[in-house]
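S.K.:
Protein chains in written order, with my numbering: chain U, 56 to 464; chain D, 2 to 666.
1) Could you name the residues of the segment 147–158 of chain U whose beta carbon sits closer than 9 angstroms to any beta carbon of chain D, in the order they occur along the chain?
2) Can you give the Cα-Cα distance for residue 9 (chain D) and residue 16 (chain D), rounded to whole angstroms?
3) Are there 16 or more other CB atoms within 10 angstroms of the CB of residue 118 (chain U), so buried, or fewer, so exposed?
4) Who are the neighbours of residue 463 (chain U) on chain D, taking C-beta pairs under 8 angstroms?
5) For a minimum of 3 consecutive residues, which ranges assigned as the beta strand (DSSP E) are wholly contained in the segment 475–529 of chain D?
6) Residue 271 (chain U) touches chain D at which residues, Cβ-Cβ below 8 angstroms?
7) Which word fits residue 675 (chain D), buried or exposed, when buried means at least 16 other C-beta atoms lie within 10 angstroms of its C-beta?
8) Check whether the Cβ atoms of residue 253 (chain U) and residue 362 (chain U) lie closer than 8 angstroms to each other.
9) Give the single residue among D:154, D:567 and D:186 whose Cα lies nearest to the Cα of residue 232 (chain D).
10) Given residue 216 (chain U), which residues of its chain have a CB within under 6 angstroms of its CB, disregarding the five upstream and five downstream residues?
11) As a quick exercise: from U:184, U:463 and U:246, pick the residue whose alpha carbon is nearest that of residue 212 (chain D).
12) For residue 494 (chain D), go through chain U and note every residue whose CB falls closer than 8 angstroms to its CB, in chain order.
13) With a threshold of 16 other CB atoms inside 10 Å of the CB of residue 262 (chain U), please say whether the residue is buried or exposed.
14) Relative to the C-alpha of residue 542 (chain D), which residue among D:531, D:534, D:563 and D:524 is closest?
15) I'd like the list of long-range same chain contacts for residue 128 (chain D), defined as Cβ closer than 8 angstroms, with 5 residues on each side in sequence excluded.
16) Considering just the uninterrupted stretch of the beta strand (DSSP E) at residue 382 (chain U), what are its terminal residues?
17) Just to confirm my understanding: we take residue 143 (chain D), look at its own chain, exclude 5 residues before and 5 after, and list those with CB closer than 6 angstroms. What are they?
18) For residue 616 (chain D), tell me which candidate among D:585, D:609 and D:605 has the shortest Cα-Cα distance.
19) If you reduce the DSSP assignment to three classes, tell me which class residue 564 (chain D) lands in.
20) Given that a residue counts as buried once 16 or more other Cβ atoms are within 10 Å of its Cβ, and exposed if not, what is residue 469 (chain D)?
21) What are the residues that DSSP puts in a beta bridge with residue 330 (chain U)?
22) State yes or no: is the beta carbon of residue 63 (chain U) nearer than 8 angstroms to at least one beta carbon in chain D?
23) Under a CB-based cut-off of 8 angstroms, is residue 229 (chain U) close to chain D?
24) So that I know if they touch, is there some Cβ in chain D lying closer than 8 angstroms to that of residue 203 (chain U)?
25) Just list the residues that DSSP pairs residue 613 (chain D) with in beta bridges.
26) For residue 53 (chain D), collect the residues of the same chain with a Cβ closer than 6 angstroms to its Cβ; drop the 5 residues on either side in sequence, then sort them by chain order.
27) Who are the neighbours of residue 261 (chain D) on chain U, taking C-beta pairs under 8 angstroms?
28) Would a check of beta-carbon distances place residue 429 (chain U) closer than 8 angstroms to chain D?
29) Strictly below 7 angstroms CB to CB, what residues from chain U border residue 411 (chain D)?
30) Using a 10 Å radius around the Cβ and a threshold of 16 neighbouring Cβ atoms, would you call residue 494 (chain U) buried or exposed?
31) For residue 1 (chain D), which residues in chain U fall below 9 angstroms Cβ to Cβ?
32) On the premise that residue 653 (chain D) lies in contact with residue 601 (chain D), defined as a C-beta separation below 8 angstroms, what is that separation, rounded to the nearest angstrom?
33) Are the C-beta atoms of residue 252 (chain U) and some chain D residue less than 8 angstroms apart?
34) Just grab the DSSP bridge partners of residue 685 (chain D) for me.
35) Look at the Cβ atom of residue 106 (chain D), then the Cβ atom of residue 173 (chain D), and state whether they are nearer than 8 angstroms.
36) Identify, in the order they occur along the chain, each residue of the same chain with its Cβ nearer than 7 angstroms to the Cβ of residue 229 (chain D), setting aside the five sequence neighbours on each side.
Shown next, in the form of structure tokens:
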């Protein structure tokens, strides 16, 4: 019953969105936009009945608001801003710039980052002053209602009222592209084919890195995934743009690192836990690491003398850094020590036990906290097993690191 | 203002030249103009070259100078990319290099000493004496001819270096010579691109031709053979075919005798570089045939005589152009036309035309999908310029057929369909025609690009939803979209297969009732694909058995030295084959160990037809049955093993090996 009601609301909302887009850009672009919204968003990520009702009401308000623009400015403005009340049904707080970036572009919460259709729709909405206004109002109230502890599903719900704006935005974008293509059809055609050039360049890079074994039958599932990884390494996640660009400009880190290091959800209840040696650790580690290994149940990597870990922004105040590690030892070598450095905040070198053990450091980051940064571990020395034993291992090994945890008190 | 522009342009040219000099000096002389002389520390040269190139593109005027500037900038960009890719003499490049060194320093084509000097001493099959006592060579002389100016320049660098550096010898083997051929590869790749552009220009607008050339060369395997492996023959081969095709098309129907001769010489050189490129000699044959037909129909004896004279002159010129290879063969094998015994066989009765186009093992279209657009475009070309389109399409089709008959139709350890190097210029024309047709379609329906963009966005969302459902997306922590994007692609691939192997994978899927994704690995791993292979074997429990283990197998296990898979009461083996024959099917089995190895009875069925039943004991035993010809089809076959005694969720028997012997060999 609830599903039927939800779809009824969706149908009403979609019809209103189509009507609004049709008034803006004409039937073809509006129909295409509505189809994309329906197939890519409303069917793919179905709404609950309550959210569908918000979507329908927001769509009617925006459609009426856009229609009224010439007749009554104040009424139109009120109707265009009305959907922004939608997110407030989930709660209320204070909006902020970082929360806006979080709720739009974060790889966990970001509504635009997790929906190509909405990213394009929001981009299109920026092409018109009135849809921009409506979108901004929803984004601001959504960020006010948002908490970093929200799951992805909870964040998505906040944007039910923005879906009609995205629908109209898709229409605006389609119309803009239509006009550009009509002016320069050859360029438009070449642009449609050009991704095949990117395909080949990434294939070359994957082959260079050994992901495509020359002359062997290959599973294109694996090769394509490797190509996706290469593309991501270069440009980051496209639907987190422009936050990725801002991240690149302000931190100097590659745009791809925005996924993990762009935003922090660190609080007392949610420490950052990095399981070194686990499949996902490549998102965190920088220079100074060897390949993943296992010691019984423990997955770890050997670190060289100076080792780098990328961290997301850290909050102001005291941050606790915990490491589970085991130093490389040799009879002729002195005891191993490690010193930690988070941006400009360094700790004194601390001796390490000979076996797996936790060490803990507390650092005061002051009032401003830290932007995305690096944690640098500097060990006293590294050992080359081949030089101190019968081992053939030529690697420089300082310590095996299993786990890194960052928390706040 | 004009003077300032000239000064700025001169400075930019200087900058571009300095960047080129640095990028050439690093590999050739192991020295640098800027910064760290390490081979790959080329950031400074890259920045300088990029700045100079951008400046020049803004400053230079005049179409010819602009074209020259673009190619000069591409040359510097190519040098930069070669350094990052670590381009060096490798693979087949050594064999072509042996020709060059031997001719330059020994004045012969006996490579006995050259193979040793350049590190091929361990390949003993090369040293089996030919009828004339020479070393073997299945490779052509043409690349050596093309590389010779670069090799000569390298000699001028090596001579002074050899006096000061102990690791540089001036005998044609040290790094200045080896790296010079990489730069030659880049040069010929760009020369080929230039002629490809000129060829496309005959049928399309300037910018469309430029876009098509960039897409066809940069979007195909040629990119690899210009940047990463430039010492192969493919860049000069493409250049020679592009030059030949351009000269042919530019002088079509109105060629003078001298032009026929020039075309002949160029055709000969083209065959010197890669002898199968002689197939493109079909172009003037089609033209001559058409002219002859017209002359005969019109009763124009004078035209017929003129054509005969031109054709004779062109043919003589072709022989003259091909003479270097003929003389080399005469010296090596004692005959002017020879087939080396160490080259791959040409199997005229075993073409793999579908594999050579769509296989995951270097299929032309599957690895260079831009060429699909080119192939479609050739059909459009044939509609607009019938003779040219038909000649291009025919020659490309013949090349497909020829390459599909080569023993290693997948081109060995290649990147993509490298043996189609000569087809790239034709397919670039096809890309130009497709863009032109696309331009018309977009002009009349300008919503098409928006529709494509929105469709891609919808597919992206749908694939993300699929990944969320499969727990590939964390809803409570941030996600690495490098991994999520890979998972999205995997989900699409699992459902629809690889789009650039269509329609072959769809046909495979329909025929065998599997996902189109299965085509990637099952089709190129068919047993008996090679007509002389007598045996097909699957080692269960081994590293590659997962491909063939269908429903009903447990995880691999090891017992002593035997790796195997425990199997459920009904277990299915996927057995793809390339050709049918009467077979003997052998299975190494034992009863399950879990209940003490008590006896088990297993029935074997091939594609639903019972082939026998066996009683298994506790020890490994091999059981055999015969499969008549035709029962196993030349595609995917299902061998189903059904056990009589069943225990819920327990292994019913263990399978170590499946071996299938051809009985007709």
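Glycine included, each C-beta is placed from N, C-alpha and C at the ideal position.
M.R.: In brief:
1) none
2) Roughly 10 angstroms separates the two Cα atoms.
3) buried
4) In chain order: nothing, as chain D lies at least about 17 angstroms away.
5) none
6) 362
7) Given that chain D is displayed from residue 2 to residue 666, the structure contains no residue 675 (chain D) and the question cannot be resolved.
8) No. Outside cutoff.
9) Closest in alpha carbon position to residue 232 (chain D), among D:154, D:567 and D:186, is D:186.
10) 109, 113, 138, 141 and 193
11) U:246
12) 275, 276 and 279
13) buried
14) Among D:531, D:534, D:563 and D:524, the Cα nearest to that of residue 542 (chain D) belongs to D:563.
15) 113, 116, 136 and 137
16) Boundaries of the beta strand (DSSP E) around residue 382 (chain U): 373–382.
17) 273 and 274
18) D:605
19) Strand at residue 564 (chain D).
20) buried
21) U:458
22) no
23) At least one beta carbon of chain D lies nearer than 8 angstroms to the beta carbon of residue 229 (chain U).
24) no
25) D:605
26) 13, 16 and 17
27) For residue 261 (chain D), there are no neighbours in chain U by C-beta distance under 8 angstroms, as the nearest C-beta there is about 36 angstroms away.
28) no
29) 270
30) The structure shown does not extend to residue 494 (chain U), since chain U is modelled only from 56 through 464, so no value can be given for it.
31) Nothing about residue 1 (chain D) can be read from this structure; chain D reaches only from 2 to 666.
32) Going by Cβ atoms, the distance from residue 601 (chain D) to residue 653 (chain D) rounds to 6 angstroms, so yes, they are a contact pair.
33) yes
34) Any property of residue 685 (chain D) remains undetermined from this structure, which presents chain D solely from 2 to 666.
35) yes
36) Cβ-Cβ distances below 7 angstroms link residue 229 (chain D) to 86 and 88 in the same chain, with the five nearest sequence neighbours on each side left out; the list follows chain order.
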